[in-house]
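Chains as they are written, first to last, in the working numbering: chain A, 6 to 360; chain B, 6 to 360; chain C, 6 to 360. One structure is given here, and the rest of the page talks about it.
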Amino acid sequence: MFIKNTWYVAAWDKEVSGDGLFSRTIIGTPILMYRDSNGQLVALEDRCCHRGAPLSVGRREGDCVRCLYHGLKFDATGACVEAPAQPRIPPQARVRKFPVVERHRWIWIWMGDPERADTALIPDTQWLDHPDWRSQDGYIHYDVNYLLIADNLLDFSHLPFVHPTTLGGSEDYAAVSPKVERLADGVRITRWTIDTAAPAFATKVKQWPGRVDRWNIYNFTLPGILLMDSGMAPTGTGAQDGQRVDAAEFRGCQALTPETETSTHYFFAHPHNFAIDRPEVTASIHQSVVAAFDEDRDIITAQQRSLSLAPDFKMVPLSIDAALSQFRWVVSRRLEEEQQQTSAIIPITPSREVA
Amino acid sequence: MFIKNTWYVAAWDKEVSGDGLFSRTIIGTPILMYRDSNGQLVALEDRCCHRGAPLSVGRREGDCVRCLYHGLKFDATGACVEAPAQPRIPPQARVRKFPVVERHRWIWIWMGDPERADTALIPDTQWLDHPDWRSQDGYIHYDVNYLLIADNLLDFSHLPFVHPTTLGGSEDYAAVSPKVERLADGVRITRWTIDTAAPAFATKVKQWPGRVDRWNIYNFTLPGILLMDSGMAPTGTGAQDGQRVDAAEFRGCQALTPETETSTHYFFAHPHNFAIDRPEVTASIHQSVVAAFDEDRDIITAQQRSLSLAPDFKMVPLSIDAALSQFRWVVSRRLEEEQQQTSAIIPITPSREVA
Amino acid sequence: MFIKNTWYVAAWDKEVSGDGLFSRTIIGTPILMYRDSNGQLVALEDRCCHRGAPLSVGRREGDCVRCLYHGLKFDATGACVEAPAQPRIPPQARVRKFPVVERHRWIWIWMGDPERADTALIPDTQWLDHPDWRSQDGYIHYDVNYLLIADNLLDFSHLPFVHPTTLGGSEDYAAVSPKVERLADGVRITRWTIDTAAPAFATKVKQWPGRVDRWNIYNFTLPGILLMDSGMAPTGTGAQDGQRVDAAEFRGCQALTPETETSTHYFFAHPHNFAIDRPEVTASIHQSVVAAFDEDRDIITAQQRSLSLAPDFKMVPLSIDAALSQFRWVVSRRLEEEQQQTSAIIPITPSREVA
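The following block contains the structure:
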């Protein structure tokens, strides 16, 4: 079961290009995406209303797409505008059209009620195409439910265990509980380390006058969007008070989009504002992240296999689970709300009598 | 759910040969086929009545087959005639025997009540071994339900879209609705094109005095047998009135036999009565058909995948679906009839009282 | 459904060695096995109580194991003794510990109530490490339910059919019914052949004065342990009366341990007391057995596939099934007993009223 009235990341902008037809399954529904002659995005259900063939193996005809099974042609609103030997097209001959918006390199799709698709709700990921920041595009396909990955992203304590040589840090790091705050539709995790040595990777890319203050601030919001603000600045320059002087910063952008109940799309990039004229630094940061995410995928996939053998498994909650427990609660509440809204519009039937 | 009281094509004659044991699953039941010492076909359930081992991994002993697990020996009637350490064989020690008939290169099997296995019901496919006709044997295995393939065969409109460079023809072709007639156990589709140019492939194999009349007449009957009569004759020689003068004709024979609910055996050949002394023409016709069928398989398999993700999908019917809708109705009616017959022989139990 | 209060063979001793973490699924539960610093075996559920990750991809720390997802550390009793950022470990933070015992090269595990894990119940397999006997270690993984393999081991009649060139013997062999006796928790099968020629393999390894008496005595007990006593002695030396003079003997040890409902671990060895200074004889005996077991696996796997297509299949019992029918009855009775014991400890709830 998935939240419907929310913006999901459907693709990197470059994945939907030219005259191509791009297909990706989002929360269980196959979606066809393409660009019209003005470059505007179109997102339609990738399943012909006639006999169910995927439109994405069809062909573009101008701003329309033709199913290459029986030749039905659909325009960018999803309406069937041509069918062989069918002078009058029945009005129900249409495929569903989805609101879709392009913002800072990501394509966002709204899988719920189109009336409620407010683009003001789209999270700000400006660092993905800002001239003062650099990053590489990342995508990983996971064969696990998206909530297991959300658990992982909401937990700092696994870093030294899963990523000892990549993101890692010392195992003491796991012992310091970060600050966890509830947001309207998610959770914020904040961790500051004041007056500490600059880590090895940072001394390679920048000169530091002495010790530094480091921060990690995660905003994790529905449906599964993680915006990270992390970095370091020389101690005493007031970073914790909001001043960022001579800072080396990251603005990680990560999005989990469920494909099915047991698979997930994972989009990510880690823009940085230092050494932006050195592509090898950008590549190195990206490679470190990818290596760490591969480690995550290994353990999470093993976890999913283990859990699938034990459907009645009850997790023993620990204090390190504060953030992920809160996020799971936010997800559950939203799902309940959507279900109540759905049942509210079901017409009332007269009560049945029992003899 | 499958129709039982009908003849299914089980194999090409050459597939069951010599001393071999041939196994194929038909409507969910594994069938062992072999020839006795007189060359007569035997069809038995391919599952030993003792512990369920497949007899087809056993061995021939004269006209009998011995299970190579515990050594039970069955004769050609399915009766167990020998069992180790078992002087008296219990009468229930037998496997089911199925009526099986060889006709014009195809082996037909009756999966229902043997009493009703009337060989007069077997469709005529005389062109498969007639000296004036030539063809090559075809077989394709499909991972889809047989009705999706029946839909495809009953629809002409997909030809220009799925087969633009093989069977194809222009897309206008799809726009002309063929004549559809209900048969007792199926449907007939007829299409005539009068006074048209001979197609490219026809001019290569035969001289034509001028324009031609072309026809396509499909008889599609239960359980999934398509007999095609198609061809062309010089315009004005009266083809549409039943005269076939200097005609180039095909008599396509195609049979769908469900293997399971999600897989199908597809037997086919396309006998032609022209250029029968040129094997390369026969081979070329066969290759064209195989290439087209591979295209069909691609789109139908994509359709099955798409439909499997959407169990509640409702197809939007169009006028091009007339033939396939009628055939699906014929299938449903026959299934209902068989179910009523089955339930009619269930003994009546006294009604239960409810306190 | 599996019997719980019984000893299962979990591994060969050498499989659990050094600092390693060994994982094997036993009756549906993943088990982590390792040796502590004294070489004592530890068996824990291989699933972290926190978020379900497998401990076997974690790491040893002294006699403890640390989960390499979030860093929980468990001691050899299964108790969590360390968790990041968690000064007080909740008492329910533990994984299940299983009684485990090493005896004559095999590691035995008790999957039921630990209070009832009486090591006196472990079958005697002393021949596996006795200085007067030699054997090689065998293990095969089967993709079938363990009862189909038990059926096979309890049946002598398949030998000439499945193993004509390996274990085989003549087909007449199958025609002699062995003596079958019920044991408290299993069945004993006894077959004697008096005054017969020594078989070919026996004349290669030993001089025989003349004809021999041969015996095969199988003790097959819960959960699936086969101890074979087979061999031959010169006729007239009183073997059948309990004297074993100049005998060539085997003491086959075989254990079936269900992995899941559809897969099984099969441990085996065939100790012999002749030619023990000729390793090539031991190797040759082992190879013959492995070749025969591969033949068994082929036919049993085919049988399982065949049965899986026919869930309502009713086996026709024959007299050769006496032993396996008795063993299946013993299994069923024990399963029922365990279910009654389980339901007996469910607290009685007040009856619900119906309005």
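Glycine included, C-beta positions come from ideal geometry on N, C-alpha and C. Keep in mind it's a predicted model, so treat the numbers as computed, not measured.
Does B/D156 come out as helix, strand or coil in the three-state DSSP assignment? Under the three-state reduction of DSSP, B/D156 is assigned to helix.
Local conformation of B/A260 per DSSP, three classes: For B/A260, the secondary structure class from DSSP, reduced to helix, strand or coil, is strand.
Buried or exposed: where does B/S313 fall if 16 or more other Cβ atoms within 10 Å of its Cβ makes it buried? Around the Cβ of B/S313, a 10 Å sphere holds fewer than 16 other Cβ atoms; the residue is exposed.
If B/W220 and B/G236 are in contact, beta carbons under 8 angstroms, what's the gap, nearest whole angstrom? Beta-carbon to beta-carbon, B/W220 and B/G236 are separated by about 6 angstroms, close enough to satisfy the 8 angstroms threshold.
In three-state terms, what does DSSP make of B/G173? Low per-residue confidence applies at B/G173: pLDDT is 47, beneath 50, and the placement is therefore not dependable, though the value from the model is reported in the following sentence. B/G173: helix per DSSP, three-state reduction.
Whether C/V336 touches C/L227 by CB criterion (9 angstroms): Going by beta carbons, C/V336 and C/L227 fall inside the 9 angstroms limit.
Same chain, Cβ closer than 7 angstroms to B/V21, five either side skipped, listed in chain order: Only F27, M38, Y39, R40, L46, I112 meet the Cβ criterion.
List the residues of chain C whose Cβ lies closer than 9 angstroms to the Cβ of A/V185, in chain order. Taking a Cβ-Cβ threshold of 9 angstroms, none of the residues of chain C is close to A/V185; the smallest such distance is about 12 angstroms.
For the stretch 199–230 of chain B, list the beta strand (DSSP E) runs that are entirely contained and at least 3 residues long, ordered along the chain. Correct list: 217–226.
Where do the N-terminal and C-terminal ends of the alpha helix (DSSP H) with B/E362 fall, by residue? A question about residue 362 of chain B goes unanswered here, because the residues of chain B that appear run from 6 up to 360.
Under 7 angstroms by beta carbon: chain B residues contacting C/A296: Within 7 angstroms Cβ-Cβ: nothing; C/A296 doesn't reach chain B, min ~16 angstroms.
Apply the 10 Å Cβ neighbour rule to A/R283 and answer buried if 16 or more other Cβ atoms are within range, or exposed otherwise. Around the C-beta of A/R283, fewer than 16 other C-beta atoms lie within 10 Å, and the residue is accordingly described as exposed.
Just to make sure I have the definition right: I need the residues of chain A whose C-beta is within less than 8 angstroms of the C-beta of B/F332. Which are they? In chain order: nothing, as chain A lies at least about 14 angstroms away.
Listing by chain order, which chain A residues have their CB less than 8 angstroms from the CB of B/S311? Going along chain A in sequence order, the residues near B/S311 (Cβ under 8 angstroms) are P35, D51, R52, G57, A58, P59.
Between the stretch 331–347 of chain C and the stretch 142–159 of chain C, do at least 3 Cβ pairs fall closer than 8 angstroms? Yes: the two stretches touch, three or more of their Cβ pairs being nearer than 8 angstroms.
Does chain C have any CB closer than 9 angstroms to the CB of B/P95? At least one C-beta of chain C is nearer than 9 angstroms to the C-beta of B/P95.
Beta-bridge pairing of B/K102 - partner residues as DSSP gives them: Looking at the DSSP output, B/K102 bridges to B/L49.
Contact set for B/H109: own chain, Cβ-Cβ below 7 angstroms, skip 5 residues either direction: Counting only Cβ-Cβ distances below 7 angstroms, and skipping sequence neighbours, we find T130, Q131, L133, D134.
Could you tell me the boundaries of the beta strand (DSSP E) in which A/T34 lies? It spans 34–40 - the beta strand (DSSP E) in which A/T34 sits, taken as one unbroken run.
Using a Cβ-Cβ cutoff of less than 7 angstroms, which residues in the same chain neighbour A/R339 once the five nearest sequence positions on both sides are dropped? Correct list, in chain order: I8, L227.
Counting only Cβ pairs nearer than 8 angstroms, list the residues of chain C close to B/P204. In chain order: nothing, as chain C lies at least about 46 angstroms away.
When DSSP labels each residue in this structure, what does A/V86 get in the three-state scheme? Under the three-state reduction of DSSP, A/V86 is assigned to strand.
Note down the Cα distance separating B/Q308 from B/D123, rounded to an integer number of angstroms. Computed Cα separation, rounded: 36 angstroms.
Taking the continuous beta strand (DSSP E) assigned at A/W113, which residues delimit it? Boundaries of the beta strand (DSSP E) around A/W113: 111–115.
Counting only beta-carbon separations shorter than 9 angstroms, does A/M320 have a partner in chain C? True, the Cβ-Cβ gap to chain C drops below 9 angstroms.
Below-9 angstroms beta-carbon distance, B/S348 vs any chain A residue: At a cut-off of 9 angstroms, the C-beta of B/S348 has no neighbouring C-beta in chain A.
So, does the CB of A/L314 fall closer than 9 angstroms to a CB anywhere in chain C? By this cut-off, A/L314 is an interface position.
Three-state secondary structure assigned by DSSP to A/L323: If DSSP states are grouped into helix, strand and coil, A/L323 belongs with coil.
Own chain, CB closer than 7 angstroms to B/T195, minus 5 neighbours either side, in chain order: Result list for B/T195: P183, K184, I222, in chain order.
Reference B/R29, options B/Y74, B/G44, B/T262, closest by Cα: Nearest option by C-alpha distance: B/T262.
Rounded to whole angstroms, how far is the Cβ of C/A48 from the Cβ of C/K102, which I believe are closer than 8 angstroms? Indeed they touch by this definition, with Cβ atoms about 7 angstroms apart.
Where DSSP assigns a beta bridge to B/S28, which residues make up the other side? Note: B/S28 is bridge-paired with B/L37 in the DSSP secondary-structure output.
Count the CB pairs spanning the stretch 93–107 of chain C and the stretch 244–252 of chain C that are closer than 8 angstroms, and state whether there are at least three. With the rule of 3 Cβ pairs closer than 8 angstroms, the stretch 93–107 of chain C does not count as touching the stretch 244–252 of chain C.
7 angstroms CB neighbourhood of B/R187 in its chain, flanking five on each side removed: Q331, listed in sequence order.
Examine chain B for any beta-carbon lying closer than 9 angstroms to the beta-carbon of C/D156, and answer yes or no. C/D156 counts as touching chain B.
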